[in-house]
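Chains as they are written, first to last, in our numbering: chain A, 56 to 188; chain B, 7 to 185.
Pasting the structure below:
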């Protein structure tokens, strides 16, 4: 009987270790797969949203200071509620006179201790002459 | 005598061991069933999610393709006008492009001198709603609203539920600025 109970304990331990390993690995693997899909989804939607912002910039639809006016669409926020948009006006080389370049980037956090996911686009817009007094 | 005692002892042990083996088998079967059931449900969830993602990325792909052509038409057009279920654009070279939303499809027809030159379509998943609207003087928007989750294209299909949408902006030149 002594031998049998020892054998049972070893079996139990092995089974528990195996179960614990599986229980630890499966959620991690599932989380990784989920995160990868979220990333891919973000990049695809961000591409569409960046193209929309580019269209609005080119059509001069953004009034006033474009850096403040640019916002993410309602539809995009449905998919990526934690995303944010940034628009920076960059210095244009002299050879591109009459054009103004903007760098639009959409980013969202990607978990702790990981860099933010960012999708960016540079838009060239015909600069509007400011009226001189 | 010793032989008889040994035989009796063995039979007792065997009886005990057989009972123990049955309990073991039951315990293992229960554990295996639990593990298999869990694996099955996880696998089912993964496959279902993959299928949903695959359909969604297909929709995005169609959206991107339609957006590219639509923006290109918008950039070349002289005048754009909203219709009941679409958008009509007149191009500079006396051509016209008509975008029509029909159920879950976007039809694009290029017309010249009253005759259809070419026709194309962008097919979304059944249950998708497509609408055009004017956002501002130069901006038009195509809104693609996906069917609710779990939508099945049957006659009694429910169309209520959470519906997500994608907006595609296109700009048209201001008519006054065109030479």
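Quick reminder that beta carbons are idealized off the backbone N, C-alpha and C, glycines included.
Put simply, the CB of residue 179 of chain A is far from chain B, with every gap to its CB atoms at 8 angstroms or more.
Burial is judged here by how many other beta carbons sit within 10 angstroms of a residue's own beta carbon; residue 153 of chain B has at least 16 and is buried. Residue 176 of chain B has a beta carbon lying within less than 8 angstroms of a beta carbon in chain A.
The Cβ of residue 119 of chain B sits no closer than 8 angstroms to any Cβ of chain A. In chain order, 103, 106 make up the part of chain A whose C-beta sits under 8 angstroms from the C-beta of residue 73 of chain B. DSSP places residue 131 of chain A in the uninterrupted alpha helix (DSSP H) bounded by 129-134. With at least 16 other beta carbons inside 10 angstroms of its own, residue 76 of chain B counts as buried. For the segment 143-156 of chain A, the set of positions with a beta-carbon nearer than 9 angstroms to some beta-carbon of chain B is empty.
Along the segment 48-78 of chain B, going in chain order, the ones with a CB nearer than 8 angstroms to a CB of chain A are 48, 52, 55, 59, 62, 63, 66, 69, 70, 73, 77. Considering only B:98, B:74, B:143, the residue with the shortest C-alpha distance to residue 174 of chain B is B:74. Contact fails between the segment 31-41 of chain B and the segment 96-105 of chain B, because fewer than three Cβ pairs, one in each stretch, are under 8 angstroms apart. Inclusion of residue 130 of chain B and residue 68 of chain B in the CB contact set at 8 angstroms is warranted, their separation being smaller than that value. Contact note: residue 111 of chain A reaches chain B through 145, 175, 177, using a C-beta cutoff of 8 angstroms and chain order. A residue is called buried when at least 16 other Cβ atoms come within 10 angstroms of its Cβ; residue 111 of chain A meets this threshold and is buried. Distance from the CA of residue 142 of chain B to the CA of residue 163 of chain A, rounded to the nearest whole angstrom, comes to 29 angstroms. Nearest C-alpha to residue 147 of chain B among B:112, B:155, B:170, B:177: B:177.
With its beta carbon less than 8 angstroms from one in chain B, residue 133 of chain A belongs to the interface.
74, 77, 81, 85: these are the residues of the segment 71-87 of chain A whose beta carbon lies less than 9 angstroms from some beta carbon of chain B, given in chain order.
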